[in-house]
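Undergrad: The structure that follows is given in the form of structure tokens.
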Amino acid sequence: MTRVNTMGSLEETCASLRAQISATEEQLAGLKRDLASAEAQSVCENQSDEQRWPLLQEEYKRYGRQMIVSQIGLQGQLKLRSAKVLLVGAGGLGCPAAQYLAGAGVGTIGLIDGDTVEVSNLHRQVLHRTANVGKYKVDSAIESLRDLNPHPTYIAHRSHLTPNEAPAIFQDYDIILDCTDNPATRYLISDTAVLCGKPLVSASALRTEGQLMVLNNPLEHQGTRPEGHVIDAVVSCADGGIIGPVVGTMGVLQALEAIKVITTPEPAEGTTRPRDPPSLHIFSAYSSPLVRTIRLRSRRANCAVCSAEATVSLDTIRSGSTDYVFFCGSANLPSLLSPEERISAREYNQRQSVPSESHTVIDVRDEAQFGICSLENSINIPISTVLASSSARPTEQAAQLPSWVPSELATDSTHPIYVVCRLGNDSQIVVKKMKDLGLDQHGKRFIGDIRGGFKSWKDQVDPEWPEY
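Residue numbering for the sequence shown follows full-length UniProt numbering, beginning at 1 and increasing consecutively.
This is how it looks when you write it as structure tokens:
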């Protein structure tokens, strides 16, 4: 027993030492990066007042190609060096935006994100590397940014933005970039930026399209704050899909708009700068032209944030009394079906393995997802096709069923129908639709969904099923 205890103690000691070494090496790498940044800053701060040139020789070489552009010039470069930019989100938008701002020589770049790097991020979040999977996104991004340009000061905020902290954080920066894909957070960012008097560059991207606008822009009239629930817009890249260059394009445009705001010269004394209404720029990768611009209306007299009768203030934001989650609605669908109308992936696998039990499987994912992987003999009916049809209940004549209903379902058969989707949400909607159409033969035929969809199928039945 003593020998076993001794061996166990030694193994624990070795494991502890390995963990300490790993932590120390990571800390050392971080200190080296901080030292490089501090040395670069020190050179700038210790320059004599009598120095001949306002920039270092290395900075002239690094930024020279943009400085010879008339819209930037020396004064614009000095403004960039003194600017402080905050990016909320270090994902598909934040990565390219931060990359170009760092490359342009923005003096201070802050990143807010509480997520860690996942393999599924890598096709579009270009600052992250395979070796950094599992790291905080802000740490991974700053590591890449320092490799690109060690001169800026990089500030990591390793948490999601909260109403309590947002006003204090925003006050430390000159301009805010909204690089998130969460509607509640977007409203929090917009309201806080307006109330703090900070220009806001906001973008979004989904599938093959993106949108961009600048709010509280000193070059434009104040924009408007949308009202009402936006539940229809609560779709993430994980659910809707995204092409990497699309979100990359929007992130690059955010960086460009930020640079324009920072470097635009102040109007001469005694003059005012002409101001245009704000614009919404819409990018569509498969359309011609690629970009369309829509002029937005000017400030509403009853705006909840910036009017004389405003109901949103920094105090209501800090206290949490402005409920952004309630305002935007929720993307988490409630269970539409009773437990009796749903079966587990494991239970379905057992049933479909019985040769004598005939049934039909309807896969309601879109055609692209169905082409990636599908169950044998399943029928693909995209939910978009189902929702586009009439929801009216037909008469008893099968010919009046919607065209999306396969002929094998438009019969008096009582063979069960199982509906499956990616995560188990869309399948519930289609089950309800089928029952509304009377395909359950007044309760004689089972129609239900596979709970949890193909995610559960991978977890419970087939570990090699593709996860995307």
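Cβ atoms here follow ideal geometry from the backbone N, Cα and C, with glycine treated the same way.
Going by C-alpha distance, which of Tyr154, Arg124 and Pro289 is nearest Val106?
TA: As a working note, residue 106 is residue 106 in the sequence shown. When only C-alpha atoms are compared, the closest one is Tyr154.
Undergrad: Going by the DSSP bridge assignment, what does Gln211 pair with across the sheet?
TA: Position 211 of the sequence shown, counted from the start, is the residue given in the question as residue 211. In the DSSP output, where bridge partners are listed per residue, Gln211 has Ser204 and Ile282.
Undergrad: For the 8 Å Cβ check, are there 3 or more pairs between the stretch 108 to 121 and the stretch 196 to 214?
TA: They do not touch, by the three-pair rule.
Undergrad: Is it buried or exposed for Gly371, if we count other Cβ within 10 angstroms and need 16 for buried?
TA: Numbered from its first residue, the sequence shown carries residue 371 at position 371. Its Cβ having fewer than 16 others within 10 Å, Gly371 is exposed.
Undergrad: Pairs of beta-carbons, one from the stretch 148 to 167 and one from the stretch 121 to 139, closer than 8 Å: are there three or more?
TA: Touching, per the Cβ criterion.
Undergrad: On the DSSP bridge assignment, give the partners of Asp449 in chain order.
TA: Mapped onto the sequence shown, residue 449 falls at position 449. DSSP, once it has assigned bridges, lists Arg342 and Val419 as partnering Asp449.
Undergrad: Report the CB separation of Val431 from Leu314 in whole angstroms; it is logged as a contact under 8 Å.
TA: As a first step, residue 431 is located in the sequence shown; it is residue number 431 there, counting from the start. As a first step, residue 314 is located in the sequence shown; it is residue number 314 there, counting from the start. Val431 to Leu314, Cβ: 47 Å. No contact.
Undergrad: Run the CB neighbour count on His415, radius 10 Å, all protein chains shown included, and call it buried at 16 or more, exposed below.
TA: Working through the sequence shown from its first residue, we reach residue 415 at position 415. Exposed: under 16 other Cβ atoms inside 10 Å.
Undergrad: Who are the near neighbours of Ile112 in its chain, counting only those whose CB is closer than 6 Å to its CB and skipping five residues on each side?
TA: Along the sequence shown, read from residue 1 onward, the residue named residue 112 stands at position 112. The answer, listed in chain order, is Val88, His157 and Leu161.
Undergrad: Using the C-alpha atoms, what's the distance from Pro289 back to Tyr173?
TA: Taking the first residue of the sequence shown as position 1, residue 173 is located at position 173. Taking the first residue of the sequence shown as position 1, residue 289 is located at position 289. For Tyr173 and Pro289, the distance between alpha carbons rounds to 35 Å.
Undergrad: DSSP three-state call for Ala98: helix, strand or coil?
TA: As a first step, residue 98 must be located in the sequence shown, where it is residue number 98. Of the three classes helix, strand and coil, the one that applies to Ala98 here is helix, per DSSP.
Undergrad: Below 7 Å CB to CB, which residues in the same chain sit around Tyr63 once its five sequence neighbours on both sides are set aside?
TA: Your numbering for residue 63 matches position 63 in the sequence shown. Excluding sequence neighbours, Tyr63 sits near Gln77 and Gly105.
Undergrad: For the alpha helix (DSSP H) that contains Leu145, what are its first and last residues?
TA: Indexing the sequence shown from 1 puts residue 145 at position 145. Lys137 to Leu148 is the span of the alpha helix (DSSP H), which, as asked, contains Leu145.
Undergrad: Using three-state DSSP, classify Gly241 as helix, strand or coil.
TA: As a position in the sequence shown, residue 241 is number 241, starting the count at 1. In the structure shown, Gly241 sits in coil (DSSP, three-state: anything other than H, G, I, E or B).
Undergrad: Would you call the CB atoms of Leu93 and Ala205 closer than 8 Å?
TA: Sequence index remark: in the sequence shown, residue 93 carries index 93 (1-based). Sequence index remark: in the sequence shown, residue 205 carries index 205 (1-based). Yes, Cβ-Cβ distance for Leu93 and Ala205 is below 8 Å.
Undergrad: Assuming contact is defined by CB atoms lying nearer than 8 Å, are Ser427 and Val419 in contact in what I supplied?
TA: Within the sequence shown, the letter at position 427 stands for residue 427. Within the sequence shown, the letter at position 419 stands for residue 419. Yes.
Undergrad: Output yes or no for whether 8 Å exceeds the beta carbon distance between Thr108 and Lys84.
TA: Within the sequence shown, residue 108 is the residue found at index 108, counting from 1. Within the sequence shown, residue 84 is the residue found at index 84, counting from 1. A contact, by the Cβ cut-off of 8 Å.
Undergrad: Less than 8 Å between the beta carbons of Arg124 and Val247, yes or no?
TA: Position 124 of the sequence shown, counted from the first residue, corresponds to residue 124. Position 247 of the sequence shown, counted from the first residue, corresponds to residue 247. The answer is yes: Cβ separation under 8 Å.
Undergrad: Near Gly452, what residues of its chain come up, given a Cβ to Cβ distance below 6 Å and the 5 sequence neighbours on each side ignored?
TA: Taking the sequence shown and counting its residues from 1, one reaches residue 452 at position 452. Within the same chain, Gly452 has close Cβ partners Gly424.
Undergrad: Go ahead and label Arg292 buried or exposed: buried means 16 or more other beta carbons lie within 10 angstroms of its beta carbon, across all protein chains shown.
TA: Position 292 of the sequence shown, counted from the first residue, corresponds to residue 292. Under this definition Arg292 is an exposed residue.
Undergrad: Nearest-angstrom Cα distance between Pro394 and Ile417?
TA: Your numbering for residue 394 matches position 394 in the sequence shown. Your numbering for residue 417 matches position 417 in the sequence shown. Note that Pro394 has pLDDT 47, beneath the 50 cutoff, so the model's placement of it is unreliable and the number below is only indicative. So the alpha carbons of these two residues sit roughly 19 Å apart.
Undergrad: Report the partner residues of Asp363 according to the DSSP bridge assignment.
TA: In the sequence shown, the residue the question calls residue 363 occupies position 363. Answer is Asn380 and Val420.
Undergrad: Where does Arg65 sit, in a helix, a strand or coil, going by DSSP?
TA: Mapped onto the sequence shown, residue 65 falls at position 65. Note: Arg65 maps to helix in three-state DSSP.
Undergrad: Below 8 Å on the Cβ atoms is my guess for Ala203 versus Leu253; work out the distance and round it to an integer in Å.
TA: Here residue 203 corresponds to residue number 203 of the sequence shown, with the count starting at 1. Here residue 253 corresponds to residue number 253 of the sequence shown, with the count starting at 1. Rounded, the Cβ-Cβ distance is 7 Å, consistent with contact.
Undergrad: Helix or strand or just coil, what does DSSP make of Tyr154?
TA: In the sequence shown, residue 154 corresponds to position 154, counting from 1. In the structure shown, Tyr154 sits in a strand (DSSP, three-state: E or B).
Undergrad: Of all the options Ser358, Lys433, Pro339 and Lys458, which has the alpha carbon lying nearest to the alpha carbon of Thr385?
TA: Here residue 385 is taken as the residue at index 385 of the sequence shown, counted from 1. When only C-alpha atoms are compared, the closest one is Lys433.
Undergrad: Could you check where the beta strand (DSSP E) with Val85 kicks off and where it finishes?
TA: Walking along the sequence shown from the start, residue 85 turns up at place 85. Taken as a continuous stretch (DSSP letters only), the beta strand (DSSP E) holding Val85 covers Lys84 to Val88.
Undergrad: Does the beta-carbon distance from Asp363 to Ser353 come in below 8 Å?
TA: Mapped onto the sequence shown, residue 363 falls at position 363. Mapped onto the sequence shown, residue 353 falls at position 353. In this structure, Ser353 does not lie closer than 8 Å to Asp363 by Cβ.
Undergrad: Looking at C-alpha atoms only, which residue of Gln71, Arg186 and Ser287 is the closest neighbour of Ile262?
TA: Translated into the one-based positions of the sequence shown, residue 262 becomes position 262. Answer by Cα proximity: Gln71.
Undergrad: Since Pro199 contacts Asn217 with CB under 8 Å, what's their CB separation in whole angstroms?
TA: Looking up residue 199 in the sequence shown gives position 199. Looking up residue 217 in the sequence shown gives position 217. Their Cβ separation, rounded to whole angstroms, is 5 Å, which keeps Pro199 and Asn217 in contact under 8 Å.
Undergrad: For Arg124, which three-state DSSP category applies?
TA: The count along the sequence shown starts at 1 and reaches residue 124 at position 124. It is coil, neither helix nor strand.
Undergrad: Starting from Val430 and walking both ways along the alpha helix (DSSP H), at which residues does that stretch end?
TA: Here residue 430 refers to the residue found at position 430 when the sequence shown is read from its first residue. It spans Asp426 to Asp436 - the alpha helix (DSSP H) in which Val430 sits, taken as one unbroken run.
Undergrad: Which residues in the same chain as Gly251 place their Cβ atom closer than 6 Å to its Cβ, once the five residues preceding and following it in sequence are excluded?
TA: In the sequence shown, the residue the question calls residue 251 occupies position 251. Cβ neighbours of Gly251 beyond the five flanking positions: Leu93, Pro96 and Ala97.
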